[in-house]
Amino acid sequence: FLSTNLPVRLLSSGIHPSILAQLFVVDLSLSSEEIQELMLTQLLQSEHRELLIQHRRYQNYNQFLQKKLVSKEDALI
Numbered sequence: 004f005l006s007t008n009l010p011v012r013l014l015s016s017g018i019h020p021s022i023l024a025q026l027f028v029v030d031l032s033l034s035s036e037e038i039q040e041l042m043l044t045q046l047l048q049s050e051h052r053e054l055l056i057q058h059r060r061y062q063n064y065n066q067f068l069q070k071k072l073v074s075k076e077d078a079l080i
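In the numbering used here, the protein residues as written are 4 to 80.
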């Protein structure tokens, strides 16, 4: 385990890339939902690639529907 106060995007400048390549980094400044999403993505990438693709499609469609809903709500105002 590695604990640092460096922002994740700055890790590569603070830690040698060969060491970073051996680590699995989790940015704990993320929300619980973002951490859960990150863990699910990692699991699906390694074990169930087709499920990951389907999951991402659902996420994209959900975002599309959310934007459409906001647009419709704005039109009603």
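Using N, Cα and C, we set each Cβ at its ideal position, and we do this for glycine too.
**Prompt:** Does the ligand ADP have even one heavy atom less than 7 Å from the beta-carbon of Pro20?
**Reply:** The ligand ADP is not part of this structure, which contains no ligands at all.
**Item:** Lys71 versus Arg60: straight-line alpha-carbon distance, rounded
**Value:** If you number the sequence shown from 1, residue 71 lands on position 68. If you number the sequence shown from 1, residue 60 lands on position 57. Whole-angstrom Cα-Cα distance: 16 Å.
**Message:** Comparing C-alpha positions only, which one of Ser21, Ala24 and Val28 sits nearest to Pro10?
**Reply:** Start at 1 with the first residue of the sequence shown, and residue 10 comes out as number 7. Checked all of Ser21, Ala24 and Val28; the closest Cα to Pro10 is Val28.
**Asked** Would a C-beta distance cut-off of 8 Å place Ser15 and Leu23 closer than the cut-off?
**Response** Stepping through the sequence shown from its first residue, residue 15 is reached at position 12. Stepping through the sequence shown from its first residue, residue 23 is reached at position 20. Cβ atoms of Ser15 and Leu23: closer than 8 Å.
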